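Shown next, in structure tokens, is the structure this report addresses.
Number of protein chains: 2
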Amino acid sequence: MKRRKTKQIKLGELKIGGDAPIVVQSMTKVHPEDIEGTLFQIDEAYKAGCEAIRIAVPDRKAVEALKEIKARSPIPIIADLHFSPKLAMMVFDTAVEGIRLNPGTMPKEALKEILSAAREKKVTVRIGVNSGSLPQEYHRFEKLSEALVACALDALELGESVGLYEMKFSLKASDVVETLEANRRFATLTDYPIHLGLTEAGPLFSGTVKSAVTLGVLLSEGIGDTIRVSLTGPPVWEVRVAYKILSALGLRKRGVDIISCPTCGRCKVDLIPIVTELEKKLEHITEPLTVAVMGCVVNGPTEARHADVGIAAGKKSGVLFRKGRIIDKLPPERWIDRLLEEINALLKASDKYNESSEVL
Amino acid sequence: MKRRKTKQIKLGELKIGGDAPIVVQSMTKVHPEDIEGTLFQIDEAYKAGCEAIRIAVPDRKAVEALKEIKARSPIPIIADLHFSPKLAMMVFDTAVEGIRLNPGTMPKEALKEILSAAREKKVTVRIGVNSGSLPQEYHRFEKLSEALVACALDALELGESVGLYEMKFSLKASDVVETLEANRRFATLTDYPIHLGLTEAGPLFSGTVKSAVTLGVLLSEGIGDTIRVSLTGPPVWEVRVAYKILSALGLRKRGVDIISCPTCGRCKVDLIPIVTELEKKLEHITEPLTVAVMGCVVNGPTEARHADVGIAAGKKSGVLFRKGRIIDKLPPERWIDRLLEEINALLKASDKYNESSEVL
Chain A
1 MKRRKTKQIK LGELKIGGDA PIVVQSMTKV HPEDIEGTLF QIDEAYKAGC EAIRIAVPDR
61 KAVEALKEIK ARSPIPIIAD LHFSPKLAMM VFDTAVEGIR LNPGTMPKEA LKEILSAARE
121 KKVTVRIGVN SGSLPQEYHR FEKLSEALVA CALDALELGE SVGLYEMKFS LKASDVVETL
181 EANRRFATLT DYPIHLGLTE AGPLFSGTVK SAVTLGVLLS EGIGDTIRVS LTGPPVWEVR
241 VAYKILSALG LRKRGVDIIS CPTCGRCKVD LIPIVTELEK KLEHITEPLT VAVMGCVVNG
301 PTEARHADVG IAAGKKSGVL FRKGRIIDKL PPERWIDRLL EEINALLKAS DKYNESSEVL
Chain B
1 MKRRKTKQIK LGELKIGGDA PIVVQSMTKV HPEDIEGTLF QIDEAYKAGC EAIRIAVPDR
61 KAVEALKEIK ARSPIPIIAD LHFSPKLAMM VFDTAVEGIR LNPGTMPKEA LKEILSAARE
121 KKVTVRIGVN SGSLPQEYHR FEKLSEALVA CALDALELGE SVGLYEMKFS LKASDVVETL
181 EANRRFATLT DYPIHLGLTE AGPLFSGTVK SAVTLGVLLS EGIGDTIRVS LTGPPVWEVR
241 VAYKILSALG LRKRGVDIIS CPTCGRCKVD LIPIVTELEK KLEHITEPLT VAVMGCVVNG
301 PTEARHADVG IAAGKKSGVL FRKGRIIDKL PPERWIDRLL EEINALLKAS DKYNESSEVL
């Protein structure tokens, strides 16, 4: 996988693009006036690995709240601005690291002024073009992907015309294929970092599949410097799915990778509830670990040897592996507890050990 | 998206490869001796769109059971054979349409005999190479992907040497990147249909993400003629995820696509439980439909207009759309019921209407 070459920009101290790791973002889902609720969502997402958080700023109260949220947030904040140039200008006084502007929801003249102010205040800008809010003038394009690219390029030019270069771009549609095409096209035309996402991806299950396909395809083509998985669910879910996608492609490793066989007529134990329970108990771990749960003699023992720790299930008892070595033999009812014990031991032995990772 | 050119083979009456739609498969997860349990899983998967089902055949009892299962199955059956050449030869008397052989679990001489018998009996063969059970002789390769390809090519040659051409191939690893590389490489070297899958993908959540990334990337490159999503969960889940992946890429449309915004500080209603409930209530529908649930004035109304039916949420009431036309205005507590009513009406108006689709 060869990553597309881009310039590197900064969001506060966070590097985006160039040789920086692909950054994981999310967005809070309560009105910022609910300062504690917002900070709770930020904190949960942060613990799951979120590195920058977007917050909607729909009114003056939101701007006021942003000051305190900014002061207490462990990660850079991006203010999401629509419709009101006045509010946008007010946000520069909150010290947030970034703003997101949508050319479809801000008059062009105002957009130029805000971009100019961003340059002056050293605030990083995401130009976020969205299929749901494309300005009328881009409806002339036959293909949605072309309209998205044209709109993004015009905003890029507008930014550069006022001397702004700390920009990243997103081109989102709710249609996967249009999103793929728009991003591929934009990627060949500029060297700005790209923020990937699928808009209105939907609820947890289908939103996860659609996002994994879209982001997976683009990342495998080397496109994407920061990502957000949009789900109709809490921000922490978005972050978990984002890392699962990045881990799958070997781009960033975080959290537990459970390798478990799908089970079949050869399997002598009911693996589904065991694996389901295990997945739940391990979801908060940030340390990269591979845990295998295999129910079958065909692939079981060989696969389990690759894992940090694993169970290969036989008829009445399972064999516990740790880094390739058999260390125990136990009946199914003890598998989960012993696996958790072993995982805890591995976590404690690691340099990155912290108490919140413990599983018991 | 340009699909790789392959020869077309048949599994019973089902066409695979060439210009045939990408076929969705799954695998049963109980011992076939449990005939009713096996048929229940087949039936559930079939209703979700499963077009061929694999069944493990670990012993003689399984072979016996296969006869009755075959007689009652609405879709072609593929017997999964390992270790015992004798059992494999017995399976030819059950009239199943296909067999799956793994060069890593069958001695080479026996493999040749079985392939020859398959040709004679007109039984379609999948050669399924798996990272967990690669024969010793392929351990010499530095890269796992190269070892998988070499093993598959040797089996291909063995098949052709006895005049067998009704073959498809799978190259599965539990590592996404290795699986991508193996399939890409194999795809350039032969014109046989490819069966895609990621082995030991894991439990529902992470297995879904890993499978969506792997299959999404390969399908977007035109590779893959039949797919199976392996999950540690019931076959029907595997089929649902498979269709979500195919739908995302526009390769096959089936079931409801829910477009819903991730919600943010602008959203005045709690969309998450509404969308979650809706997703559950609509998961059994096979008719392709787009349903929008939008909570925000920024993208809401515009996006909802594209959907077959949708709600755009305002402060105290939502606007109900049907194919772009506003047809009602209602408070949040009535949204789900009215959406379901509208969806039922759409289903009834369609040619493919059947009672099992109804949502009320």
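Top line first, the protein sequences correspond to chains A and B.
First residue of the first sequence: 1, per this note's numbering; consecutive thereafter.
First residue of the second sequence: 1, per this note's numbering; consecutive thereafter.
Positions of the beta carbon are idealized from the N, C-alpha and C atoms, including for glycine.
None of the values given here were measured: they were computed from a predicted structure.
Burial state of residue i (16 or more Cβ within 10 Å)
i, result
"residue 108 of chain A", "exposed"
"residue 212 of chain A", "buried"
"residue 324 of chain B", "exposed"
"residue 136 of chain B", "exposed"
"residue 41 of chain A", "buried"
"residue 279 of chain A", "buried"
"residue 8 of chain B", "exposed"
"residue 327 of chain B", "exposed"
"residue 351 of chain A", "exposed"
"residue 331 of chain B", "exposed"
"residue 210 of chain A", "buried"
"residue 5 of chain B", "exposed"
"residue 208 of chain A", "buried"
"residue 11 of chain B", "buried"
"residue 32 of chain B", "buried"
"residue 178 of chain B", "buried"
"residue 175 of chain A", "buried"
"residue 38 of chain B", "buried"
"residue 161 of chain A", "exposed"
"residue 27 of chain A", "buried"
"residue 36 of chain A", "exposed"
"residue 308 of chain A", "buried"
"residue 214 of chain A", "buried"
Top-ranked residue by Cα proximity to residue i, from the options
i, options, result
"residue 45 of chain A", "A:267, A:17, A:239", "A:239"
"residue 281 of chain B", "B:344, B:242, B:61, B:261", "B:344"
"residue 87 of chain B", "B:329, B:216, B:338, B:106", "B:106"
"residue 197 of chain A", "A:230, A:50, A:205", "A:230"
"residue 255 of chain B", "B:126, B:39, B:145, B:49", "B:49"
"residue 101 of chain A", "A:318, A:312, A:265, A:83", "A:83"
"residue 94 of chain B", "B:265, B:69, B:52, B:315", "B:69"
"residue 150 of chain A", "A:126, A:182, A:124, A:163", "A:182"
Limits of the beta strand (DSSP E) - the one that residue i falls within
i, result
"residue 167 of chain A", "167-172"
Reduced DSSP category for residue i - H, G, I as helix; E, B as strand; rest coil
i, result
"residue 201 of chain B", "strand"
"residue 322 of chain B", "strand"
"residue 96 of chain A", "coil"
"residue 295 of chain A", "coil"
"residue 8 of chain A", "coil"
"residue 257 of chain B", "strand"
"residue 80 of chain B", "strand"
"residue 128 of chain A", "strand"
"residue 20 of chain A", "coil"
"residue 184 of chain A", "helix"
"residue 31 of chain B", "coil"
"residue 315 of chain B", "coil"
"residue 57 of chain B", "coil"
"residue 226 of chain A", "strand"
"residue 363 of chain B", "Outside the modelled stretch of chain B, which goes from 1 to 360, sits residue 363 of chain B, for which no answer is possible."
"residue 217 of chain B", "helix"
"residue 336 of chain A", "helix"
"residue 330 of chain A", "strand"
"residue 37 of chain A", "helix"
Span of the alpha helix (DSSP H), counted from its first residue to its last, around residue i
i, result
"residue 72 of chain B", "60-72"
"residue 149 of chain B", "144-161"
"residue 275 of chain A", "271-282"
"residue 235 of chain A", "235-248"
"residue 121 of chain A", "108-121"
"residue 268 of chain B", "Per DSSP, residue 268 of chain B belongs to no alpha helix (DSSP H) and is neither H nor E."
"residue 88 of chain B", "85-91"
Residue i Cβ short of 8 Å to the ligand COA heavy atom set
i, result
"residue 287 of chain A", "Looking at this structure, you won't find the ligand COA or any other ligand, since it has none at all."
_Cβ contact (3+ pairs, closer than 8 Å) linking the segment 154-173 of chain B and the segment 186-206 of chain B_ = With the cut-off at 8 Å, the segment 154-173 of chain B and the segment 186-206 of chain B touch.
*Determine, using beta-carbon pairs with one atom in the segment 257-269 of chain A and one in the segment 70-83 of chain A, whether at least three such pairs fall under 8 Å.*
Segments in contact, no.
*Touching or not, the segment 222-232 of chain B and the segment 213-226 of chain A, by the rule of three or more beta carbon pairs under 8 Å?*
Too few Cβ pairs lie closer than 8 Å, so no.
_Sufficient close CB pairs (3 or more, under 8 Å) joining the segment 246-264 of chain A to the segment 21-28 of chain A_ = Yes, the segment 246-264 of chain A is in contact with the segment 21-28 of chain A.
_the segment 140-148 of chain A contacting the segment 100-120 of chain A, beta-carbon criterion three pairs below 8 Å_ = For the pair of segments examined, the segment 140-148 of chain A was found not to touch the segment 100-120 of chain A: the number of CB pairs separated by less than 8 Å stays below three.
*Does the pairing of the segment 79-90 of chain B with the segment 49-62 of chain B give three or more beta-carbon distances under 8 Å?*
Touching, yes.
*Mind the definition here: the segment 248-261 of chain B touches the segment 283-297 of chain B only if three or more C-beta pairs lie below 8 Å; say whether that holds.*
Counting C-beta pairs closer than 8 Å gives three or more between the segment 248-261 of chain B and the segment 283-297 of chain B, which meets the contact rule.
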